[in-house]
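Here the protein sequences line up with chains L and X, keeping their order.
Residue numbers for the first sequence follow the numbering used here, so the first one is 1 and each next one is one higher.
Residue numbers for the second sequence follow the numbering used here, so the first one is 142 and each next one is one higher.
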Amino acid sequence: MIGIGNSFRRDDGIGPATVATIESLHLPGVSVVVTDGEATRLLDAFAGADLAVVVDAMRGEPPEPGRIHCGHGAPTTGGGNTHGVGVAAAIGLAEALGRAPQRVVLLGAEVENTDIGVGLSDPVLAAIPELRRLILVELGG
Amino acid sequence: MTDHDREVRIGSLARVEGEGALQVIIKDGRVQQANLQIYEPPRFFEAFLRGRQHTEVADITSRICGICPVAYQTSAWLAVEDACGIDVGAGIQALRRLLYCGEWISSHALHIYLLHIPDFLGYPDAISLSRDHRDVVERGLRLKKSGNAILEMVGGRAIHPVNPRVGGFHRAPTNSELAVLAEQLRHALDDALATVEFVANLDFPEANVAVELLAVHHPDHYAIESGRIRSAGGLDFSSADFPAHVVEHQVPHSTALHATFDGGRYLTGPLARYSINSSQLSPLAREAAAAAGLGPTCRNPFRSIVVRAVEVVYAIDEALRLIAAYVRPDMAAVSTPPRAGIGHGVSEAPRGLLYHRYQLDADGLILAAAIVPPTSQNQAAIEDDLLAAVSANLGLDDAALAHLCERTIRNYDPCISCATHFLDLTVHRQ
Chain L
1 MIGIGNSFRR DDGIGPATVA TIESLHLPGV SVVVTDGEAT RLLDAFAGAD
51 LAVVVDAMRG EPPEPGRIHC GHGAPTTGGG NTHGVGVAAA IGLAEALGRA
101 PQRVVLLGAE VENTDIGVGL SDPVLAAIPE LRRLILVELG G
Chain X
142 MTDHDREVRI GSLARVEGEG ALQVIIKDGR VQQANLQIYE PPRFFEAFLR
192 GRQHTEVADI TSRICGICPV AYQTSAWLAV EDACGIDVGA GIQALRRLLY
242 CGEWISSHAL HIYLLHIPDF LGYPDAISLS RDHRDVVERG LRLKKSGNAI
292 LEMVGGRAIH PVNPRVGGFH RAPTNSELAV LAEQLRHALD DALATVEFVA
342 NLDFPEANVA VELLAVHHPD HYAIESGRIR SAGGLDFSSA DFPAHVVEHQ
392 VPHSTALHAT FDGGRYLTGP LARYSINSSQ LSPLAREAAA AAGLGPTCRN
442 PFRSIVVRAV EVVYAIDEAL RLIAAYVRPD MAAVSTPPRA GIGHGVSEAP
492 RGLLYHRYQL DADGLILAAA IVPPTSQNQA AIEDDLLAAV SANLGLDDAA
542 LAHLCERTIR NYDPCISCAT HFLDLTVHRQ
């Protein structure tokens with residue numbers, strides 16, 4: 001269970017906030033990692049896992065804060081540029097290196113406000129119960 | 142449009158940090174222009190530092206870049222401490238140098254293995270490289286991890302470190318914590334030496350950058366976290382004199398400012414650092430450089446990958462030396478009472494010389510801030526190199542020419558996000 005984001009950039013903290021609600025359940029065989037999405041740490045987080053559920057903040061066009069997106073495997077990136085090596089490349093790299101979990105599930109929640117500061121905006125906060133339900137379905141499956 | 146008139150446009154540059162484009166215009170068989178178009182929105186850090194407290198600079202400027210936050214923090218605290226007349230002492234300085242070694246290792250390993258090696262081995266990206274050269278990429282990832290381990294131990298975390306502050310650190314690590322780190326670094330040193338051997342055998346096109354070189358120089362060691370400024374031409378001056386020599390100016394095609402050194406184009410970064418300071422590398426790093434075929438200077442941008450690999454050896458060697466000599470400071474930080482004044486700071490970010498200047502009032506509020514990142518300074522020299530590369534290879538078709546231009550740019554490991562003040566290629570053949 002991997003939560004990606006920066007809790008000090010408001011809605012970017014949706015990943016860490018969501019996985020915290022799973023960590024508190026102390027589910028057997030489930031380890032919870034909070035990370036910034038940097039590739040080498042994501043590769044480490046994948047180590048030995050059959051399933052990785054990754055929760056991250058995302059932007060949609062047109063935007064709808066709190067809307068949830070779900071995908072499997074490596075996402076395609078929007079452009080040819082790169083800020084370091086991100087989530088998509090990390091999953092691609094893990095697959096090429098034979099380090100990818102059998103299943104990778106990506107859950108994204110659209111953000112409203114990523115300014116400096118703590119706390120989620122209302123529509124993003126309201127997405128947590130549904131994200132949590134989707135995660136528990138994946139963990140159960 | 143005839144065969145002699147072409148426009149090559151790269152709409153979005155891959156494997157560089159940030160976003161930018163390149164436009165090359167060829168008219169009557171001659172290259173007229175090679176413009177790097179940096180189109181990330183300007184980031185306004187200089188503006189929102191105004192009105193903040195002098196003690197906040199480390200936390201604010203670390204957010205400028207996820208790849209080289211320590212560089213931004215370092216030049217910032219150097220400038221603020223210069224303004225306040227504060228000397229942090231040798232113990233804290235050594236810990237700062239150790240932290241910065243972590244950033245060099247991590248940043249260089251990322252560029253060498255995930256961004257630059259694919260160019261030499263003919264792969265479009267690191268993922269396809271990994272399918273055929275798994276061991277190579279695994280070695281790069283281990284190296285990067287060792288750099289991150291330093292950042293995490295000394296900086297509190299690998300990206301945007303939170304433990305350093307103006308005046309020192311919130312907490313100094315214990316000797317036993319650093320001993321664990323040293324064990325990891327001893328293994329990383331083997332990977333770093335293997336990296337130099339590997340990149341030394343790559344195929345390097347002939348190239349030579351003729352512009353002036355500028356780097357931080359320290360009398361006692363290969364400059365990283367502090368020092369004066371030195372040019373290949375022999376000038377030596379303090380950070381306070383940087384504004385007298387380096388002038389920034391706007392160009393229409395980029396949101397990043399260009400810069401000139403005494404009126405001319407110049408280059409900072411690994412080639413400049415190595416050419417000015419190579420005699421100060423550790424014996425192990427010098428031996429690795431010599432075995433890889435590097436002389437005392439290096440002006441071939443394709444060979445910058447070898448210089449980076451040598452610098453990784455140095456940074457690990459130096460980190461081990463710093464850990465062996467470490468005495469935990471009694472105080473993790475010195476007090477930093479403000480005073481009115483102007484301070485300057487320079488350090489060697491992985492991509493080159495990074496300058497900060499702050500003007501403080503008597504209460505420590507920042508009245509003015511200036512940040513001159515290495516990629517901004519290098520833009521004009523990169524354009525020069527592009528012009529030369531395209532001029533020498535006009536016979537190539539547009540796709541091959543575009544690929545050559547991308548390689549030319551990646552040689553400099555530009556960090557467009559930092560510079561924003563960056564890449565897409567268009568070649569206009571008219």
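Note that the Cβ used here is the ideal one computed from N, Cα and C, for glycine as well.
Give a yes or no on contact between the stretch 202 to 209 of chain X and the stretch 411 to 425 of chain X, applying the rule of three or more CB pairs nearer than 8 Å. no
- Task: Please state if the CB of X/Phe402 and the CB of X/His386 are separated by a distance shorter than 8 Å.
- Result: What you label residue 386 of chain X is simply residue 245 of the second sequence in a count that begins at 1. What you label residue 402 of chain X is simply residue 261 of the second sequence in a count that begins at 1. Cβ atoms of X/His386 and X/Phe402: closer than 8 Å.
Item to check | Uninterrupted beta strand (DSSP E) stretches inside the stretch 456 to 506 of chain X (no shorter than 3 residues) | outcome: 482 to 490 and 493 to 501
Taking the beta carbon of X/Phe378 as the centre, do at least 16 other beta carbons fall within 10 Å, making it buried, or is it exposed?
Taking the first residue of the second sequence as position 1, residue 378 of chain X is located at position 237. With fewer than 16 other Cβ atoms within 10 Å, it is exposed.
*For L/Gly71, the first and last residue of its enclosing alpha helix (DSSP H)*: Here residue 71 of chain L corresponds to residue number 71 of the first sequence, with the count starting at 1. Looking at the DSSP string, L/Gly71 is not in any alpha helix (DSSP H); the run it does join, the beta strand (DSSP E), is Ile68 to His72.
message = Could you check whether the Cβ of X/Val295 sits closer than 8 Å to any Cβ belonging to chain L?
response = Position 154 of the second sequence, counted from the start, is the residue given in the question as residue 295 of chain X. With 8 Å as the cut-off, X/Val295 does not count as an interface residue toward chain L.
| Status (buried if at least 16 other CB within 10 Å, exposed otherwise) for X/Cys556 | Taking the first residue of the second sequence as 1, we reach residue 556 of chain X at position 415. The residue is buried, with at least 16 neighbouring Cβ atoms inside 10 Å.
Review point. If we count the other Cβ atoms within 10 Å of its Cβ and call it buried at 16 or more, is L/Pro28 buried or exposed?
Key: On the first sequence, residue 28 of chain L is found 28 positions in, with the first residue counted as 1. Exposed.
Item to complete: For chain L, find out if any of its Cβ atoms is closer than 8 Å to the Cβ of X/Ala575; answer yes or no.
Response: Because residue 575 of chain X is not part of the residues shown, which for chain X are 142 to 571, the question remains open.
Cβ of L/Gly84 within 8 Å of any chain X Cβ:
Position 84 of the first sequence, counted from the start, is the residue given in the question as residue 84 of chain L. Caution is warranted here: a pLDDT of 48 is assigned to L/Gly84, below 50, making its placement in the model unreliable, and the coordinate value is therefore given only provisionally. Cβ-Cβ to chain X under 8 Å: yes for L/Gly84.
Worksheet entry | Contact with chain L by X/Ser287, beta-carbon distance below 8 Å | Position 146 of the second sequence holds residue 287 of chain X. Answer no: the Cβ-Cβ gap between X/Ser287 and chain L never drops below 8 Å.
Original post:
What residues in its chain sit with their C-beta under 6 Å from that of X/Val165, if we drop five residues either side in the sequence?
Top reply: One-based indexing of the second sequence puts residue 165 of chain X at position 24. Around X/Val165: Val149, Ala175, Val531 and Val568.
Could you list the residues in the stretch 24 to 54 of chain L with a C-beta less than 7 Å from some C-beta on chain X, going in chain order?
Asp36, Glu38, Thr40 and Leu43
| said: What does DSSP give as the partner residue(s) for X/Pro305 in the beta ladder? | reply: Counting from one through the second sequence, the residue named residue 305 of chain X turns up at place 164. The partner list for X/Pro305 (beta bridge, DSSP) reads X/Phe310.
- Message: Just to confirm the assignment: which complete beta strand (DSSP E) runs, minimum length 3, are found wholly within the stretch 330 to 362 of chain X?
- Response: 353 to 358
Point to revise | Between the CA atoms of L/Gly71 and L/Leu25 - distance to the nearest angstrom | key: The sequence position of residue 25 of chain L within the first sequence is 25, counting from 1. The sequence position of residue 71 of chain L within the first sequence is 71, counting from 1. L/Leu25 and L/Gly71: Cα-Cα distance of roughly 24 Å.
Who are X/Leu282's beta bridge partners in DSSP? Mapped onto the second sequence, residue 282 of chain X falls at position 141. According to DSSP, which records beta bridges pairwise, X/Leu282 is partnered with nothing at all.
- In this structure, what does DSSP give as the bridge partners for L/Gly3? Taking the first residue of the first sequence as position 1, residue 3 of chain L is located at position 3. Looking at the DSSP assignment, L/Gly3 forms a beta bridge with L/Val34 and L/Val55.
* **Under 7 Å by beta carbon: chain X residues contacting L/Gly92** => Position 92 of the first sequence, counted from the start, is the residue given in the question as residue 92 of chain L. Correct list: Ile268.
Exercise for review: Taking only beta carbons into account, state which residues of the stretch 96 to 113 of chain L come closer than 8 Å to chain X, listed in chain order.
Suggested key: Ala96, Leu97 and Gly98
So X/Ala299 contacts chain L; which residues on that side make the cut at Cβ distance below 7 Å? Start at 1 with the first residue of the second sequence, and residue 299 of chain X comes out as number 158. Residues of chain L passing the Cβ test: Glu38.
- Message: At the 8 Å Cβ level, is X/Glu279 part of the contact set with chain L, yes or no?
- Response: As a working note, residue 279 of chain X is residue 138 in the second sequence. By this cut-off, X/Glu279 is an interface position.
- Query: Of all Cβ atoms in chain L, is any one closer than 8 Å to the Cβ of X/Arg572?
  - Reply: Only positions 142 to 571 of chain X appear in the structure, and residue 572 of chain X is not among them; the question remains open.
Problem - Unbroken beta strand (DSSP E) run spanning L/Ala109, endpoints - result: For the purposes of this step, residue 109 of chain L is taken as residue 109 along the first sequence, with counting starting at 1. Taken as a continuous stretch (DSSP letters only), the beta strand (DSSP E) holding L/Ala109 covers Arg103 to Glu110.
Over the uninterrupted alpha helix (DSSP H) stretch that includes L/Ala45, give me the two end residues. Here residue 45 of chain L refers to the residue found at position 45 when the first sequence is read from its first residue. Run containing L/Ala45: Ala39 to Phe46, per the alpha helix (DSSP H) assignment.
Return the Cβ separation of X/Trp245 and X/Glu452 in integer angstroms, given the expectation that the two are a contact with Cβ distance under 8 Å. Counted from its first residue, the second sequence places residue 245 of chain X at position 104. Counted from its first residue, the second sequence places residue 452 of chain X at position 311. With 8 Å as the limit, X/Trp245 and X/Glu452 qualify as a contact, their Cβ atoms being about 6 Å apart.
**Prompt:** Can you tell me whether L/Gly60 is buried or exposed, with buried defined as 16 or more other CB within 10 angstroms of its CB?
**Reply:** Translated into the one-based positions of the first sequence, residue 60 of chain L becomes position 60. Answer is exposed; the Cβ neighbour count stays below 16.
_I'd like the list of long-range same chain contacts for X/Val542, defined as Cβ closer than 7 Å, with 5 residues on each side in sequence excluded._
Translated into positions along the second sequence, residue 542 of chain X becomes position 401. Note on identity: in this sequence residue 542 of chain X is Leu, with Val being the wrong assignment. Result list for X/Leu542: Val149, Val531, Asn534 and Val568, in chain order.
Point to revise | Pairwise C-alpha distance: X/Gly230 and X/Gly309 | key: What you label residue 309 of chain X is simply residue 168 of the second sequence in a count that begins at 1. What you label residue 230 of chain X is simply residue 89 of the second sequence in a count that begins at 1. Those two C-alpha atoms are separated by around 9 Å.
message: So, for X/Phe383: in the same chain, excluding its five sequence neighbours on each side, which residues have a beta-carbon less than 7 Å away from its beta-carbon?
response: Start at 1 with the first residue of the second sequence, and residue 383 of chain X comes out as number 242. Ile370, His485, Val487 and Tyr496, listed in sequence order.
Here's the rule I'm using: 16 or more other beta-carbon atoms within 10 Å means buried, otherwise exposed. How should L/Ala89 be labelled? Looking up residue 89 of chain L in the first sequence gives position 89. It counts as buried.
Review point. How long is the line joining the alpha carbons of X/Arg548 and X/Ala456, rounded to whole angstroms?
Key: The residue given as residue 548 of chain X occupies position 407 in the second sequence. The residue given as residue 456 of chain X occupies position 315 in the second sequence. When rounded, the distance between both Cα atoms is 26 Å.
Exercise for review: Can you say whether X/Asn289 is buried or exposed, counting buried as having 16 or more other CB atoms within 10 angstroms of its CB?
Suggested key: Translated into the one-based positions of the second sequence, residue 289 of chain X becomes position 148. Under this definition X/Asn289 is a buried residue.
* Asked: Pick from L/Ile116, L/Leu93, L/Ala100 and L/Leu51: whose alpha carbon is nearest that of L/Val137?
  -> Within the first sequence, the letter at position 137 stands for residue 137 of chain L. Measuring from the Cα of L/Val137, the nearest candidate turns out to be L/Leu51.
*State the DSSP-derived secondary structure class of X/His394, mapped to helix, strand or coil.*
Reading the second sequence from its first residue, position 253 is the one you call residue 394 of chain X. Correct three-state label for X/His394: coil.
Check: How many Å lie between X/Val321 and X/Gly493 at the Cα?
Finding: Here residue 321 of chain X refers to the residue found at position 180 when the second sequence is read from its first residue. Here residue 493 of chain X refers to the residue found at position 352 when the second sequence is read from its first residue. Approximately 30 Å, taken between the alpha carbons.
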